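A.B. asks: I'd like to ask some things about the structure below.
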Amino acid sequence: MLLEQILFFVAAAGAIGGALGVVLLRNPFFSVLALVGHLVALALLFLLLRAEFIAAAQLVVYAGAVMVLYVFVVAYIGGVEETVGGEGAIGRIGPVFAGALLAELTIAIVGSGLDALNTRGANVAAGFGSPGAIGKLLLEKFLIPFEAASFLLLVAAVGAIVLARRRRGLEESDEEELPERAGRAPLGEPGGRAGAGHEEDEGPPPGTAEGPGDPTPEREAEVPA
Amino acid sequence: MDIAWFVVLAAFIFCIGAAGVLTRRNPLVILLCLELMLNAGNLALVAFSRMLGNREGQVFALIVMVVAACEVVVGLGLIVAMYRRRIPIDVDEVRELRG
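Written out as structure tokens, the structure is:
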């Protein structure tokens with residue numbers, strides 16, 4: 349009982365600290381790292397709520413996969429520092445709105461007629477949130493939402509590829525792909541990192557002149573430059 | 048621990064995320080704050096699932112995680128497309144929807 353309380357307060361402090369870090373840190377890369385800490389603390393809270401499978405999925409899918417995606421995009425774009433607490437009306441109204449929302453939600457929670465809120469929850473069996481129980485529920489009762497979710501993931505993956513690929517007609521230079529890429533390298537704003545990303549993106553097509561052994565000459569060309 | 052503690056914590060995280068969405072201007076950070084709000088919803092769902100002794104709330108939380116992953120993927124694709132066209136990565140600068 350005491351251990352549970354200690355764990356709850358440690359995890360809650362981690363979760364709130366991580367959330368504040370996401371909002372307040374100026375560098376997006378540090379924001380991503382703060383979100384990773386927040387997600388780990390949240391997984392601990394899920395464990396306290398007997399949701400073992402959700403906690404594992406949170407760690408593996410969120411803190412593992414989705415955050416790596418974020419880190420890649422932040423590294424590709426380059427950390428753009430910005431001032432926190434933006435100017436303009438919304439920048440001032442935002443925190444006030446959030447505070448009002450918090451007050452309203454707290455009043456709603458405390459004043460709700462749910463007696464069970466002030467208990468430790470229903471008595472549950474040992475394997476309450478185990479993968480077996482959740483999987484059985486997903487494949488029997490929630491089969492249609494499960495399939496819809498998988499379809500949604502497929503559509504999102506295809507959509508992301510379509511959005512992020514390079515379209516020739518919509519770029520500012522409507523030339524052939526090879527001159528465009530050659531002209532892009534000196535133009536890349538943040539310098540080396542974006543240029544390296546471009547070259548690794550389209551490795552095979554420009555390497556036709558150099559043959560199969562093109563990665564090593566590229567690396568050697570990059571090192572003195 | 049009473050369930051109310053978890054629900055109040057979820058409210059706190061949700062409001063921090065809402066403040067971030069309203070005040071930050073970098074779309075990457077806005078996506079991160081959206082994640083915070085979705086995670087607060089997940090925490091409330093799992094807490095109510097524990098309160099009722101019913102596993103269905105955990106399935107809802109899993110579906111929310113799937114939707115969040117889709118939203119992140121599409122949002123990051125949009126940001127990369129913005130970067131490729133040299134549109135400034137700032138939501139105040141993106142005023143027009145044109146190709």
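Heads up: the sequence lines are chains B and S, in that order. If you count by the numbering used here, then the first sequence holds residues 349 to 573, one letter each, in order. If you count by the numbering used here, then the second sequence holds residues 48 to 146, one letter each, in order. Heads up, the beta-carbon is just placed ideally off N, CA and C, and yes, glycines get one too. It should be emphasised that the depicted structure is a prediction, and the values quoted were computed from it without experimental measurement.
#1: How many Å lie between residue 463 (chain B) and residue 386 (chain B) at the Cα?
#2: Could you confirm whether any beta carbon from chain B is found closer than 8 Å to the beta carbon of residue 67 (chain S)?
#3: What are the boundary residues of the alpha helix (DSSP H) that residue 140 (chain S) is part of?
#4: Just checking my contact of residue 94 (chain S) with residue 50 (chain S) at CB under 8 Å: how many whole Å lie between their CB atoms?
#5: Give the residues from the segment 465-492 of chain B that approach chain S closer than 8 Å (Cβ to any Cβ), ordered along the chain.
#6: Would residue 63 (chain S) pass as an interface residue toward chain B - the criterion being a Cβ-Cβ separation below 8 Å?
#7: What did DSSP end up calling residue 472 (chain B) once you bin it into helix, strand or coil?
#8: Can you tell me whether residue 289 (chain B) is buried or exposed, with buried defined as 16 or more other CB within 10 angstroms of its CB?
#9: Judging by CA-CA distance, which residue of B:487, B:374, B:481, B:452 is the nearest neighbour of residue 62 (chain S)?
#10: Using 8 Å as the threshold, is the C-beta distance between residue 84 (chain S) and residue 409 (chain B) below it?
#11: Skipping 5 residues on each side, what residues in its chain have a beta carbon closer than 6 Å to that of residue 420 (chain B)?
#12: Would you say residue 142 (chain S) reaches chain B, if we count a Cβ-Cβ gap shorter than 8 Å as a contact?
#13: Compute the Euclidean distance between the alpha carbons of residue 413 (chain B) and residue 503 (chain B), then round it to the nearest angstrom.
#14: Counting only Cβ pairs nearer than 8 Å, list the residues of chain B close to residue 100 (chain S).
#15: I think residue 131 (chain S) touches residue 514 (chain B), with their Cβ atoms under 8 Å apart; what is that distance to the nearest whole Å?
#16: Taking the continuous alpha helix (DSSP H) assigned at residue 135 (chain S), which residues delimit it?
#17: Does any CB atom of chain B fall closer than 8 Å to the CB of residue 75 (chain S)?
#18: I want to verify the contact list: residues of chain B whose CB lies under 7 Å from the CB of residue 88 (chain S), in sequence order.
#19: Straight-line CA distance for residue 538 (chain B) to residue 126 (chain S)?
#20: Given a cut-off of 8 Å, decide if residue 86 (chain S) and residue 390 (chain B) are closer than it, judged by their beta-carbon atoms.
#21: Looking at the unbroken alpha helix (DSSP H) that takes in residue 83 (chain S), where does it start and where does it end?
#22: Three Cβ pairs or more, each shorter than 8 Å: is that satisfied between the segment 454-463 of chain B and the segment 396-409 of chain B?
#23: I need the DSSP call for residue 467 (chain B), collapsed to helix, strand or coil.
#24: For residue 134 (chain S), which residues in chain B fall below 9 Å Cβ to Cβ?
#25: Around the C-beta of residue 510 (chain B), are 16 or more other C-beta atoms found within 10 angstroms, so that it is buried, or is it exposed?
#26: Could you give the C-beta distance for residue 356 (chain B) and residue 48 (chain S), rounded to a whole number, given that I count them as a contact under 8 Å?
#27: Please go through the same chain and pick out, in chain order, the residues whose beta-carbon is closer than 6 Å to the beta-carbon of residue 68 (chain S), but skip the five residues on each side of it.
#28: Answer yes or no: do residue 377 (chain B) and residue 416 (chain B) have a C-beta to C-beta separation smaller than 8 Å?
#29: Taking the alpha-carbon positions, what's the residue 470 (chain B) to residue 71 (chain S) distance?
C.D. replies: Answer, in terms of the structure:
#1: Straight-line Cα distance between these residues: approximately 29 Å.
#2: yes
#3: Run containing residue 140 (chain S): none; DSSP gives neither H nor E here.
#4: 5 Å
#5: Per Cβ criterion, the list reads 465, 466, 467, 468, 469, 470, 471, 472, 476, 477, 481, 482, 485, 486, 489, 490.
#6: yes
#7: coil
#8: No statement about residue 289 (chain B) is possible, as the shown extent of chain B runs from 349 to 573 and does not include it.
#9: B:452
#10: no
#11: none
#12: no
#13: 18 Å
#14: Proximity of chain B to residue 100 (chain S) at the Cβ level (cut-off 8 Å) is accounted for by 469, 470, 471, 472, 476, in chain order.
#15: 7 Å between Cβ atoms; contact.
#16: According to the DSSP assignment, residue 135 (chain S) belongs to no alpha helix (DSSP H), since it is labelled neither H nor E.
#17: Residue 75 (chain S) belongs to the set of residues whose beta carbon lies under 8 Å from a beta carbon in chain B.
#18: In chain order: nothing, as chain B lies at least about 12 Å away.
#19: Low confidence applies to residue 538 (chain B): its pLDDT is 45, below 50, so where it sits in the model is not reliable, and the reading given next is rough at best. Each residue's Cα considered, the two are about 16 Å apart.
#20: yes
#21: Its alpha helix (DSSP H) spans residues 74-99.
#22: no
#23: coil
#24: Those within 9 Å of residue 134 (chain S) in chain B number zero; the least Cβ separation is about 11 Å.
#25: Under this definition residue 510 (chain B) is an exposed residue.
#26: 5 Å
#27: 77, 80
#28: no
#29: 40 Å
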